[in-house]
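Student: Using the UniProt record's numbering, read the sequence shown as starting at 1 and increasing by one per residue.
Built from N, CA and C at the ideal position, the CB exists for glycine as well.
Predicted model, so just to flag it, every value in this text is computed and none were measured.
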Amino acid sequence: MTHDHIHENLQTLQTLQNDFDYHPHDTLTLSMVSMVSTAPRALGPAPAPTVKQPLRRPTLVRKRDDTDMEFNGPPSPGKRAKVSFDSKVQVRIVDEWEKAPELIREEVHRALEKQAAGDNSSYDKVVEIYTAKPSGEDAPSPTTIKNYTVALLGNVSLLNKSASTLVHALLDSQWLGRDEAYVTLYGRLLRNLVSAQAGYLTDVLRMLVNNLTSAPPSDCRLPNYAVVRRSQIHSRSLTAITYLLRVIPSASSILCPLLAQTFPYISESRRAHTIYVENLLRLVGSTPELRSEVLALITERLVKIDVQVQVDIEDLAEDVEEGLVQGLKRIRGGPSHESDDSDDSDDDSVTSDETLDKEIQRTKDIKANVDKMDMIMDTLFAHYSPTFSGTQTVDAEITLDIMLSQFATIILPTTGCRHTQFLLFHFAQTSPLFIDHFVGACIHIAFDRSRPAIARQLAAAYLASFVARGIHVPSQTVRDVFDYIGTHLTVLRSAYEQNCAGPDLRRYASFYSLVQAIMYIFCFRWRDLEAGPDEHVEDDELPLVDSQERIWTPGVKEILERNIFSKLNPLKVCSPAIVSEFARMSHHLGVTYVYSLLETNKRLRLSQFSGPMHSTGAYNQPERETALSARRDESYQQLDEYFPFDPYHLAQSKRWIEGDYREWEGIPGLDDAKDVDSASDSEDEDDPGGEAEEGIESDDASDSS
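Shown next as structure tokens:
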């Protein structure tokens, strides 16, 4: 081959390279035929041309077969080899994002180094990988996303504070909608990131916690991926949280405040509360070390909803009552002013309509909160139930201890709580041991003089209500509690009577709350206080009037009489509804007769005993007493008829306490006579028995909250 022929071949190769726009590292494979010798034929026949296959090196372009290039027949001895190309071949430019993983890793490494030195050009391109919309035309392919994430995994040491833009782009990326392989890779990256750069731990946990809410994620449907359901998104987030807590146990101190901050507000929907509470309970199942704090958080928010419902109901009732009063005033005074101005009546009509619309909306809001509370209660019942369903286990005892801690720190100090405490009411009755634990906790608080007076009063109310309403509370426990309270009352009475001038709730609140407790217990569990607990007397065999034959366990009558007829005069301070029902039943059952004392109490004013210590005015000055204020002050100086386990009316979750709850049971004969003689009793105002305006049974029937 001559020098000219070689030169021409090199030019051909250069032209082909330019036409294909090859990168320096790319190689074009050609099948070339050796050029024949131009020597004269006289030298003899030319040997057959030898075709050699050139060595093929790896290339990023599509492989091409022999049909990509064709030669026009055998080469002529007098002509140069001619190369032709198939016009059907499609030439594809290699996409920049489909680089080899090694190249991407080196690119990310150099971009982070340059960014640290102040050059953001390459760094910004890496950020764009995670900020690009998956549905956009310039969106990187799944393989590219994966390769860049792998590259970041190998460079976490460079993801310091200066690279926060890239880290937050990574955290905001739509990783939850991708396949399991990528989710696992992403989880490893989060683990290595927070291990190497602890400053990002809060941001990482906040992102994961936000994915536990009801906010509909936009990454459920991504191009080139199967649809990921919301439940799976929540599961992936919970798995990531659990994974991080195992690697960094101290992360729980950051996680718990974030869980509280993310908890839905009261105004948010029932669905929002349902999803978040269920996810928190799933988190408790996978991370037992968070059980106490997470359950306390749920209980705390449940109590807030519970109390808010009661406040809203009371406010609405007051506003409706006030509106009725104003309406009566307008009706009574209206006729004399009708001729003044007809526009006034139109204005009143508009105002009335606006008020009605507000009341309707407030009623809807109350119902919405009741539904939220009902749902959370039902969810918690279902969560706790498996723990207590079997025989007594260590886990059940631990769980009950957690619930008792919540009771002492969250439920008990909150006045007006109406339903939350029924969780403890139900599960404490699953075992006699647990009944003793709850009763003991209430007694401990009620008799602890180092605690605030209001805490002791509420503990006494919980104790009495649980013993009275708990159908699984045994008779022996009823008698033990009654006797224990009586012993403590003797101590208090001895200390208070020396300087007692008359009934005074401010001075002797603990004494009155315990007396009200034993009266309440007596009204519900009087059968358990009779002597001979193994002997059952049928209700229809009870005498209607003469009840002197009844024999009570030792101390029952003495405890009641000594405290009721003491100088402290508890019947004047205790709730009138409880006092009237106790008076009726104790007289019928032959325990004691208190109507004469009730008549005497009608002539007493509690304000005369409280004196200057009782103050409701500003600057601690006593109000000047009038007929109206004296009547009002009587209720302020009496105990509330608050018993925490009054009837439960949440529709969905009510099923859990069926079989645990003791409804009011009247006394046969006594209640029948009351129904028959109700008309004559209302006419006879001098009948001492008529003073019981409402019995405890009416409280059960009228409770609508």
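1) In three-state terms, what does DSSP make of Glu300?
2) Where do the N-terminal and C-terminal ends of the alpha helix (DSSP H) with Tyr462 fall, by residue?
3) Just checking my contact of Ala396 with Phe388 at CB under 8 Å: how many whole Å lie between their CB atoms?
4) According to DSSP, which residues form a beta bridge with Trp552?
5) Once DSSP output is grouped into helix, strand and coil, what is the label at Tyr648?
6) Three or more beta-carbon pairs under 8 Å between the region 406-415 and the region 297-312, yes or no?
7) Is the beta carbon of His588 closer than 9 Å to that of Ile667?
8) Give me whichever residues DSSP pairs with Tyr661 in a beta bridge.
9) Excluding the 5 residues flanking Tyr200 on each side, which residues of the same chain have their C-beta closer than 7 Å to its C-beta?
10) Could you tell me the distance, in whole angstroms, from the CA atom of Glu549 to the CA atom of Asn569?
11) Are Leu380 and Leu302 close, meaning C-beta to C-beta below 9 Å?
12) Output needed for Phe643: all residues of its chain with C-beta closer than 6 Å, excluding positions within five of it in sequence on either side, in chain order.
13) Does DSSP classify Glu137 as helix, strand or coil?
14) Excluding the 5 residues preceding and the 5 following Trp552 in the sequence, name in chain order all residues of the same chain whose CB lies nearer than 8 Å to its CB.
15) So what's Gly440 in DSSP terms, helix, strand or just coil?
16) Do Val227 and Leu189 have their C-beta atoms closer together than 9 Å?
17) With Val108 and Leu152 assumed to form a contact (beta carbons below 8 Å), what rounded beta-carbon distance in angstroms separates them?
18) Which first and last residues belong to the alpha helix (DSSP H) in which Thr213 is found?
19) With C-beta atoms as the reference, is Ile443 less than 9 Å away from Val481?
20) Alpha carbon to alpha carbon, what distance is there between Gln261 and Asp203?
21) Identify whether Ala163 lies in helix, strand or coil by the three-state DSSP scheme.
22) Please classify Leu222: does DSSP put it in a helix, a strand, or coil?
23) Measure the alpha-carbon distance for Asp312 versus Ile657 and round it to whole angstroms.
24) Measuring CB to CB, does Phe427 end up less than 9 Å from Thr393?
25) Any idea what DSSP makes of Asn192, helix, strand or coil?
26) Do the region 363-380 and the region 638-655 meet, that is, are 3 or more Cβ pairs less than 8 Å apart?
27) How long is the line joining the alpha carbons of Gly187 and Ala446, rounded to whole angstroms?
28) Under three-state DSSP, which class holds Ile248?
29) So, is Ser596 buried or exposed, given that buried needs 16 or more other C-beta atoms within 10 angstroms?
Tutor: In short:
1) Within the sequence shown, numbered from 1, the residue matching residue 300 stands at position 300. Of the three classes helix, strand and coil, the one that applies to Glu300 here is helix, per DSSP.
2) Stepping through the sequence shown from its first residue, residue 462 is reached at position 462. Here the alpha helix (DSSP H) through Tyr462 covers Ala453 to Arg469.
3) Your numbering for residue 396 matches position 396 in the sequence shown. Your numbering for residue 388 matches position 388 in the sequence shown. Yes, they are in contact, since the Cβ atoms of Ala396 and Phe388 sit about 5 Å apart, within 8 Å.
4) Residue numbering aside, residue 552 sits at position 552 when the sequence shown is read from its first letter. Residue pairing by DSSP places Trp552 opposite Glu530 in a beta bridge.
5) Translated into the one-based positions of the sequence shown, residue 648 becomes position 648. Correct three-state label for Tyr648: coil.
6) Between the region 406-415 and the region 297-312, the count of C-beta pairs closer than 8 Å reaches three or more; the two stretches touch.
7) Counting from 1 along the sequence shown, the entry for residue 667 is found at position 667. Counting from 1 along the sequence shown, the entry for residue 588 is found at position 588. The Cβ-Cβ distance between Ile667 and His588 falls below 9 Å.
8) Taking the sequence shown and counting its residues from 1, one reaches residue 661 at position 661. BP columns for Tyr661 point to Gly470.
9) Here residue 200 refers to the residue found at position 200 of the sequence shown. Excluding residues within five positions, the ones whose Cβ falls inside 7 Å are Val167, Leu193 and Val194.
10) Within the sequence shown, numbered from 1, the residue matching residue 549 stands at position 549. Within the sequence shown, numbered from 1, the residue matching residue 569 stands at position 569. Taking C-alpha positions only, Glu549 is separated from Asn569 by approximately 28 Å.
11) Here residue 380 is taken as the residue at index 380 of the sequence shown, counted from 1. Here residue 302 is taken as the residue at index 302 of the sequence shown, counted from 1. Contact annotation: Leu380 and Leu302 have beta-carbon atoms nearer than 9 Å.
12) Within the sequence shown, numbered from 1, the residue matching residue 643 stands at position 643. Sequence-distant Cβ neighbours of Phe643 in its own chain, meaning closer than 6 Å and more than five residues away, are Ala461 and Ser465.
13) Working through the sequence shown from its first residue, we reach residue 137 at position 137. Shown here, Glu137 sits in coil according to DSSP, grouped into three states, outside any helix or strand.
14) Walking along the sequence shown from the start, residue 552 turns up at place 552. So the list reads Leu529, Glu530, Ala531 and Val591, once near-sequence residues are dropped.
15) As a working note, residue 440 is residue 440 in the sequence shown. Assigned with DSSP and collapsed to three states, Gly440 falls in helix.
16) Counting from 1 along the sequence shown, the entry for residue 227 is found at position 227. Counting from 1 along the sequence shown, the entry for residue 189 is found at position 189. Val227 places its beta carbon 9 Å or farther from that of Leu189.
17) The residue labelled residue 108 in the question sits at position 108 within the sequence shown. The residue labelled residue 152 in the question sits at position 152 within the sequence shown. Leu152 and Val108 do touch by the CB rule: their CB atoms are close to 6 Å apart, below 8 Å.
18) Translated into the one-based positions of the sequence shown, residue 213 becomes position 213. Run containing Thr213: none; DSSP gives neither H nor E here.
19) In the sequence shown, counting from the first residue as 1, residue 443 sits at position 443. In the sequence shown, counting from the first residue as 1, residue 481 sits at position 481. The Cβ atoms of Ile443 and Val481 sit closer than 9 Å to each other.
20) Position 203 of the sequence shown, counting from 1, holds the residue named residue 203. Position 261 of the sequence shown, counting from 1, holds the residue named residue 261. Rounded to whole angstroms, the gap between the alpha carbons of Asp203 and Gln261 is 14 Å.
21) Here residue 163 refers to the residue found at position 163 when the sequence shown is read from its first residue. Three-state DSSP puts Ala163 in a helix.
22) The residue given as residue 222 occupies position 222 in the sequence shown. In the three-state DSSP reduction, Leu222 falls in the coil class, being neither helix nor strand.
23) Position 312 of the sequence shown, counted from the first residue, corresponds to residue 312. Position 657 of the sequence shown, counted from the first residue, corresponds to residue 657. If I take the Cα positions, the gap works out to 26 Å.
24) Position 427 of the sequence shown, counted from the first residue, corresponds to residue 427. Position 393 of the sequence shown, counted from the first residue, corresponds to residue 393. One thing to note: Phe427 has its Cβ no nearer than 9 Å to the Cβ of Thr393.
25) Here residue 192 refers to the residue found at position 192 when the sequence shown is read from its first residue. Helix.
26) They touch, by the three-pair rule.
27) Against the sequence shown, residue 187 aligns to sequence position 187. Against the sequence shown, residue 446 aligns to sequence position 446. So the alpha carbons of these two residues sit roughly 51 Å apart.
28) Walking along the sequence shown from the start, residue 248 turns up at place 248. DSSP, read as helix, strand or coil, puts Ile248 in coil.
29) Taking the sequence shown and counting its residues from 1, one reaches residue 596 at position 596. The residue is exposed, with fewer than 16 neighbouring Cβ atoms inside 10 Å.
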